[in-house]
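Notes follow once the structure below has been shown.
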Amino acid sequence: MTTWWRVLVFIAQSSAFGLAVAFFIVLLRPDLVNLGGSAQSPATSYASAVNASAPAVVSLRTARLGQRGSLGAGMVVDQGLGSGVIISGDGLIVTNWHVIRDADQVVVQLADGREAHPRFVGADPETELALLKVDLPDLPAIRLGRSDTLEIGDVVLAIGNAYGLSQSVTSGIVSATGRGIGLTIFENFIQTDAAINIGNSGGALVNTRGELIGINTARFATLNRSPPEGIGFAIPVNLVRGVMDELLEHGRVIRGWLGVDAWDLPGMNAAALGISGPAVELAEVGGPAAAAGLIAGDIITHINDERMLSRDQAMNRVAGLRPGDTIHIRGHRPGAGAFETVAVLEERPAAGR
10 MTTWWRVLVF IAQSSAFGLA VAFFIVLLRP DLVNLGGSAQ SPATSYASAV NASAPAVVSL
70 RTARLGQRGS LGAGMVVDQG LGSGVIISGD GLIVTNWHVI RDADQVVVQL ADGREAHPRF
130 VGADPETELA LLKVDLPDLP AIRLGRSDTL EIGDVVLAIG NAYGLSQSVT SGIVSATGRG
190 IGLTIFENFI QTDAAINIGN SGGALVNTRG ELIGINTARF ATLNRSPPEG IGFAIPVNLV
250 RGVMDELLEH GRVIRGWLGV DAWDLPGMNA AALGISGPAV ELAEVGGPAA AAGLIAGDII
310 THINDERMLS RDQAMNRVAG LRPGDTIHIR GHRPGAGAFE TVAVLEERPA AGR
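My numbering numbers the first residue of the sequence shown as 10 and each following residue consecutively.
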């Protein structure tokens, strides 16, 4: 008898014995059989999530007109596609700033086919978010979820106007959270392998309950090569909430500002200075930081007793405070040792100033 045949016979015998045992267990102890299962079964359809969220996802068409005095003055010289999400019944729509930034005309098309020209409410280029408003009756608004409870592996759906195909839905999982990719000043991206294509920018990333957990913003790309598949990024809804509230209340996002530029100090480099773990090294110092006695080369380890492990963490921590707030800073100055200081934050200058 050949080896592979012996293997097949062994498998068959084992299977038969196992089935026999299982048969007697069912007869004698039917209570041990769990027909429902304690673990969550994989969904065979996410139609309920799509039905709950897709009506609130809109398509955006943008146009840029020729400038006055040019050969094509007043004529459409460029067109673009994007998506948006209705976040309130009175017509507020959140989208990406880059979708509408250079547009002279914007048209919003709802899932039911209605169209409108939106009013610009405000934008925050430092997070790539913008807010529009349409005046139409009976608008569906998406339910807002929470992005701080996301776990790696959670199923998500991306909904948007991919390549002009409105209401396109793709599925995937949360691949990572807290990503920084150098796209915006303040970053905390959700990474997903749900397909995010041209026209998806500004669209919805939703969970299996149909709740908004992110705004689709970018996909990974490389120069002179086709983009890698399955690497897309969305702005978490918790960040969207904060920006939206600031834009509605102040017309801009008010952030704390320390007046520094910095970079990450890897753990290996920090260890050489007697610091346990990565930290933040100051590259340029001005404003409140200079007034507090900080200098270029200082290494920040704590802000308000919170351990700082990266530049992005430190920037987000400071930006989340208000002008006039006082912060306590601890760190290390090469050649001098540990130091502590206090700084009073100012308002962060607007982007481009």
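Cβ atoms here follow ideal geometry from the backbone N, Cα and C, with glycine treated the same way. Since the structure is predicted, the reported quantities are computational estimates derived from the model, not experimental observations.
Assigned exposure category for residue i - 16 Cβ within 10 Å defines buried
i           : result
residue 119 : buried
residue 324 : buried
residue 196 : buried
residue 341 : buried
residue 198 : buried
residue 357 : buried
residue 226 : buried
residue 24  : Residue placement at residue 24 is flagged as unreliable, the pLDDT there being 39, under the threshold of 50; the coordinate-derived value follows with that caveat. Classification for residue 24: exposed.
residue 177 : buried
residue 322 : buried
residue 228 : buried
residue 53  : exposed
residue 173 : exposed
heavy atom of the ligand ATP below 7 Å from residue i C-beta
i           : result
residue 358 : Summarising the ligand content, the structure contains no ligands, and the ligand ATP is consequently not present.
Terminal residues of the beta strand (DSSP E) in which residue i lies
i           : result
residue 290 : 288 to 294
residue 109 : Segment 106 to 109 is the alpha helix (DSSP H) holding residue 109; no beta strand (DSSP E) there.
residue 257 : No beta strand (DSSP E) holds residue 257; the alpha helix (DSSP H) holding it covers 246 to 259.
residue 326 : No beta strand (DSSP E) holds residue 326; the alpha helix (DSSP H) holding it covers 320 to 328.
residue 133 : 128 to 133
residue 141 : 138 to 142
residue 170 : 164 to 171
residue 349 : 346 to 353
residue 229 : First-last for residue 229: undefined, no H or E at that position.
residue 120 : Per DSSP, residue 120 belongs to no beta strand (DSSP E) and is neither H nor E.
residue 213 : 213 to 215
residue 198 : 198 to 201
residue 178 : 174 to 188
Spatial neighbours of residue i in its chain, beta-carbon cut-off 7 Å, leaving aside the 5 residues before and after
i           : result
residue 334 : 265 and 354
residue 350 : 301, 302, 303 and 338
residue 156 : 199, 222, 223, 245, 246 and 247
residue 127 : 102, 115, 117, 141, 142 and 143
Extent of the continuous alpha helix (DSSP H) run through residue i
i           : result
residue 54  : Per DSSP, residue 54 belongs to no alpha helix (DSSP H) and is neither H nor E.
residue 280 : 276 to 280
Sequence-distant residues of the same chain with beta carbon closer than 8 Å to residue i, five excluded per side
i           : result
residue 415 : Any question about residue 415 goes unanswered here, given that the chain covers just 10 to 362.
residue 297 : 266, 267, 268, 352, 353, 354 and 355
residue 133 : 106, 139, 252, 255, 256, 261 and 262
residue 283 : 341
C-beta neighbour in chain C for residue i, strict 8 Å
i           : result
residue 281 : Included in the structure is just one protein chain, with no chain C present.
Spatial neighbours of residue i in its chain, beta-carbon cut-off 6 Å, leaving aside the 5 residues before and after
i           : result
residue 239 : 202
residue 204 : 179
residue 318 : 287
Proximity of residue i and residue j at Cβ, strictly below 8 Å
i           : j           : result
residue 219 : residue 57  : yes
residue 209 : residue 171 : yes
residue 122 : residue 108 : no
residue 66  : residue 117 : no
residue 271 : residue 320 : yes
residue 163 : residue 183 : yes
residue 161 : residue 125 : no
Closest by C-alpha distance to residue i, when choosing among the options
i           : options               : result
residue 140 : 69, 154, 161 and 156  : 69
residue 151 : 59, 117 and 125       : 59
residue 316 : 286, 237 and 280      : 286
residue 112 : 101, 75, 71 and 278   : 71
residue 275 : 293, 182, 308 and 53  : 308
residue 259 : 131, 127, 289 and 228 : 131
residue 192 : 135, 87, 74 and 299   : 135
residue 374 : 229, 99 and 311       : Outside the displayed range of the chain (10 to 362) lies residue 374, so it cannot be described from this structure.
residue 278 : 148, 330 and 306      : 306
residue 290 : 343, 326 and 331      : 343
residue 206 : 326, 190, 154 and 169 : 169
residue 75  : 63, 88 and 64         : 88
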